[in-house]
Amino acid sequence: MLNNKWFVCATLAVAAIATGCSSTGDKNANAPADAVSPTSTSQGGVATSAGGKSTGASTPASAQSIVYFDFDSSDLKAESKDVVAAWARYLTANPTSKAQLQGNTDERGTREYNLSLGERRSAAVSAALQSAGVSASQLELTSNGEEKPVAMGHDEASWSQNRRVEIVGQ
Amino acid sequence: MLRRLLTGCLLIASLAAQADLDITVVGGSKRAQPIAVVPFQQAPGGAVDVAQIVAADLDRSGQFLSLARADMKGFDPLPVTEPQVDYRTWRALGQEALVIGQVQILPGGGAKTTAELYDVFRTQKIMTIEATATRATEWRSMAHKVADQIYEKLTGTKGIFDTRIAYVTSIQTGGRRQFKLIWADADGENPREIARSFEPLLSPSWSPDGRRIAYVTFEDGRSKIIIQTPATGEYVTFLGEKGINSAPSWTPDGTKLVVTLSFQKNADIYVIDLATKSRRRLTDSFAIDTSPTVSADGRTVAFLSDRSGTAQIYTMSIDGGEAKRLTFEGRRNEQPRFSPDGKTLALVNYNGSGYRIGLVDIATGVMRLVSDGPLDEGPSFAPNSAVVIYTRQGSSGAELATVSTDGSIRQRLRHTGDVREPAWAPYTKP
Amino acid sequence: MAGSVSPKKGKRRLSAEMNVVPYIDVMLVLLVIFMVTAPLMTQGIDVELPQATAETLSADDEPLTLFVSARGEYFLDAGGDAKKALEDQTVIDRVGAILRNKPQTMVLIRADKGVKYDRVANGMSLLQAAGAAKIGFVTDAPTVPRAASAKPERG
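First to last, the protein sequences are chains A, B and C. The working numbering puts the first residue of the first sequence at 43, with every later residue one more than the last. The working numbering puts the first residue of the second sequence at 501, with every later residue one more than the last. The working numbering puts the first residue of the third sequence at 306, with every later residue one more than the last.
Shown next as structure tokens:
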């Protein structure tokens, strides 16, 4: 019995380390490169309505506009620092410009909870931008919950891409 | 066994031809009760074959196995009235119950069904059943009412054949995903559209009288709560605050809506009066509070909160006050739903490996898991409190599933594309 | 023991004749036993008979009987019309339906002694077409001695 317990703990620990490694590996690989195409396609509908206002030239590139999160977490990760910094620079330099922070989650958990979790994630990005000097009036927070995934799979590789906040200039 | 499979296949085929929602019984009762539903005496030109719908309903419940019509062929003329009933015949056919009847067509397309239920072994009549339709479109409902009465007499549980279910479908069309909120009869027939959008539709919730439905839309990318009367199509945008407007749930008296709003910085539960729109804030925490549900007596609200660090279910008086934690089992518990009889709370439980539907006995606090996971959510009770419908991830996308509260009988409800967010309508008051 | 036996053997002369008296004793005892038990055994069979008939009458094992009249017509004791002669196809439909829904049903043929043999054979093939794997025959003959043997029991 005791042996069993130790075995289970050990297996879980190994599994946790393994998934931890693979997921961070995925994110490092995916965030800058792969994220470009899914974002631009998924944003098609919104971008057309917002596109007119954006000042294109100085807005950070779309690859620089996605902040990723861990499962059921709204804590900003160290690797997101550059994205936040780039947008903070742009928004403080253009005080009349605005940005929409769209929070998203993976499919796990209920839709109603995820709607709130998405909002909490956009609030976390908003707080980081504000602490970097951006005015609250420049930011609009929305949440899509788990409704707008960019990767349709049912595995960690897809989930890690879907747990995100997209920063869309307006 | 083979026969069971065959009838199952036939059932799917016949439904597929007519309806969008395909229903399969995947786990019937260990011993389904054999019942013979003899074709009712019915003048030609009736809207539907009433006895066939009754038999299909009983089969779909998983608790009955109706006698195939082909097996009645040799016994012509089949009984229509009591003196024609020969118990020996039905005993020889292994049947335990027998239903006979006649359908009288009324002027204006309506009809009246008079049916009789017999106990084959005790050789006696159990009950006489009457159901009427005032229009041709109500014939199916009339047949479901007959099946409901048979089901209740033989099982002791109220039938749910003459009820309706709302659900959201999501179909990829030309590079875009189209969402539709649909309501259909409990057998998947007669689907009618409530709303359609290229933005997600969420959280449908029926008013206690079954006449109105509240749901969440994302037009302009922002959530709003709509209240609509499906029969007429009339709707109002009830709430469209800054931030989240979600998870509407009705109080049992139908005068208030309990919702989640985040315009005051963070998702909290509010009670909104439908007539005056006056709002009362129920929770005030830095945590996420959402998915409220009101108990059958209207006094308690259960909701999800992650104030402890992970999502768990809490209860609170509808007048406010202290929140009391209800769930401690599993890593997370989400989306509580009170049963209409007030005895059970359905929820989504996460134990580290998957999300499954759990049922908490409110009196004892004991939780039982009744679904297999790994991504089950959105439980909604049937109005008899004996069946729960929920969303599961099937092999070809999201599908609906039902499970009896004892866990024994299961159905799968598939639809083209994804189908999810089920909401079982209450018994409509006459 | 062995030591005490061998000297005796040496003293006595061997008798060439076999001693059959014990065998006769045993045989007589056996004879008496058989004589006593034989009537008891036949009584036992008679007592069990009524129990057996009581069991076959229980509702669940009700057999299905195809009657063949002297004129060669078929009748079934299921369907509520035992007096109506049935078409061949109706016999197949009915027996088939019953066996599909209650496969353990016993199927019997009860033919009039005056009926032509080919009508019985045809009846059998109908039952087989309906899916009956085993068919029992009921004849009128055994009912007479059984009734006669039942009488002394009461007396």
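Think of the CB as a built atom: it goes at the ideal place given N, C-alpha and C, for glycine as much as any other residue. Please read these numbers as outputs of a predicted model, since none were measured by experiment.
Cβ closer than 7 angstroms: which chain A residues qualify as neighbours of residue i?
{"i": "B:V848", "result": "T152"}
{"i": "B:A811", "result": "Y155"}
{"i": "B:A747", "result": "E154"}
{"i": "B:A767", "result": "S158 and E161"}
{"i": "B:L804", "result": "Y155"}
For residue i, which beta-bridge partners are listed by DSSP?
{"i": "B:A942", "result": "What is shown of chain B runs 501 to 930, which leaves residue 942 of chain B out entirely."}
{"i": "B:G894", "result": "B:G897"}
{"i": "B:L782", "result": "BP columns for B:L782 are empty, so no partner."}
{"i": "B:Q541", "result": "B:Q602"}
{"i": "B:W683", "result": "B:A666 and B:R692"}
{"i": "B:Y814", "result": "B:F803 and B:R825"}
{"i": "B:K843", "result": "Answer is none; B:K843 lacks a bridge partner."}
{"i": "B:F738", "result": "Partner(s): none; B:F738 has no beta bridge."}
{"i": "B:W750", "result": "B:L757"}
Residue i CB to nearest chain A CB: under 8 angstroms?
{"i": "B:E719", "result": "no"}
{"i": "B:E834", "result": "yes"}
{"i": "B:T790", "result": "yes"}
{"i": "B:S697", "result": "no"}
{"i": "B:I744", "result": "yes"}
{"i": "B:Q604", "result": "no"}
{"i": "B:P700", "result": "yes"}
{"i": "B:S808", "result": "no"}
{"i": "B:G878", "result": "yes"}
{"i": "B:Q893", "result": "yes"}
Run down chain B in chain order and give the residues with a C-beta less than 9 angstroms from the C-beta of residue i.
{"i": "C:E367", "result": "R588, R591 and A592"}
Got a sec? Which residues, its chain only, sit under 7 angstroms from residue i by beta carbon, not counting five neighbours each side?
{"i": "B:I744", "result": "S723, T760, L761, S762 and A767"}
{"i": "B:F830", "result": "The residue asked about is misnamed: residue 830 of chain B is Gly in this sequence, not Phe. N849, Y850 and N851."}
{"i": "B:I605", "result": "A543, G546 and A611"}
Residue i touches chain C at which residues, Cβ-Cβ below 7 angstroms?
{"i": "B:D571", "result": "A402, R405 and N406"}
Please decide whether residue i counts as near chain B, where near means a Cβ-Cβ distance under 8 angstroms.
{"i": "A:E161", "result": "yes"}
{"i": "C:T370", "result": "no"}
{"i": "A:L215", "result": "Outside the shown range of chain A, which is 43 to 212, sits residue 215 of chain A, and nothing can be said about it."}
{"i": "C:G385", "result": "yes"}
{"i": "C:T410", "result": "yes"}
{"i": "A:S23", "result": "Any answer about residue 23 of chain A is impossible in this case: the structure gives chain A only from 43 up to 212."}
{"i": "A:E189", "result": "yes"}
{"i": "A:Q203", "result": "no"}
{"i": "C:T342", "result": "no"}
Given that residue i touches chain A, what residues does it touch there, using C-beta distances under 8 angstroms?
{"i": "B:L875", "result": "E149, R150 and H196"}
Kindly list, in the order they appear in chain A, the residues whose Cβ is closer than 9 angstroms to that of residue i.
{"i": "B:Y855", "result": "R150, G151 and T152"}
Given residue i, which residues of its chain have a CB within under 8 angstroms of its CB, disregarding the five upstream and five downstream residues?
{"i": "A:E161", "result": "G145, L183, T184 and S185"}
{"i": "B:S896", "result": "R914"}
{"i": "B:S705", "result": "I713, A714, Y715, P748, S749, W750 and A923"}
{"i": "B:V585", "result": "P579, L598, I600 and Y618"}
{"i": "C:I440", "result": "V412, L413, I414, M429, L432 and Q433"}
{"i": "B:A731", "result": "R711"}
For residue i and chain C, any beta-carbon pair shorter than 8 angstroms?
{"i": "B:G574", "result": "yes"}
{"i": "B:L567", "result": "yes"}
{"i": "B:L511", "result": "In this prediction, B:L511 has a pLDDT of 37, which is less than 50 and means its spatial position is unreliable; what the coordinates show is noted afterwards. It does not: the Cβ of B:L511 has no partner Cβ on chain C nearer than 8 angstroms."}
Please compile the residues from chain B whose C-beta is within a distance smaller than 7 angstroms of the C-beta of residue i.
{"i": "C:D398", "result": "K573 and G574"}
Suppose the cutoff is 6 angstroms on Cβ atoms and the five residues either side in sequence are ignored; what does the same chain contact list for residue i look like?
{"i": "A:S122", "result": "V109"}
{"i": "A:G151", "result": "none"}
{"i": "B:G609", "result": "R635 and A636"}
{"i": "B:T623", "result": "Y587"}
{"i": "B:P836", "result": "T793, A802, I813, L845 and L847"}
{"i": "B:A551", "result": "V537, P539 and F540"}
{"i": "B:T800", "result": "T815"}
{"i": "B:E596", "result": "Q533, P534 and V620"}
Run down chain B in chain order and give the residues with a C-beta less than 8 angstroms from the C-beta of residue i.
{"i": "A:T184", "result": "G721 and R722"}
**Asked** With a cut-off of 8 angstroms, do at least 3 Cβ pairs link the region 189-202 of chain A to the region 169-178 of chain A?
**Response** no
**Message:** Can you confirm whether the region 672-684 of chain B touches the region 650-657 of chain B when touching is taken to mean that 3 or more C-beta pairs between the two stretches lie within less than 8 angstroms?
**Reply:** no
**Asked** So, do the region 784-794 of chain B and the region 740-757 of chain B have three or more beta carbon pairs nearer to each other than 8 angstroms?
**Response** yes
**Asked** Is the region 838-845 of chain B touching the region 795-813 of chain B in the sense that three or more CB pairs, one from each, lie closer than 8 angstroms?
**Response** yes
**Prompt:** On the three-pair Cβ rule with 8 angstroms, is the region 599-615 of chain B touching the region 629-643 of chain B?
**Reply:** yes
**Request:** Answer yes if the region 320-331 of chain C comes into contact with the region 553-561 of chain B, meaning at least three C-beta pairs across the two stretches below 8 angstroms, and no otherwise.
**Result:** no
**Request:** Report yes or no: do the region 657-673 of chain B and the region 686-699 of chain B share at least 3 C-beta pairs separated by less than 8 angstroms?
**Result:** yes
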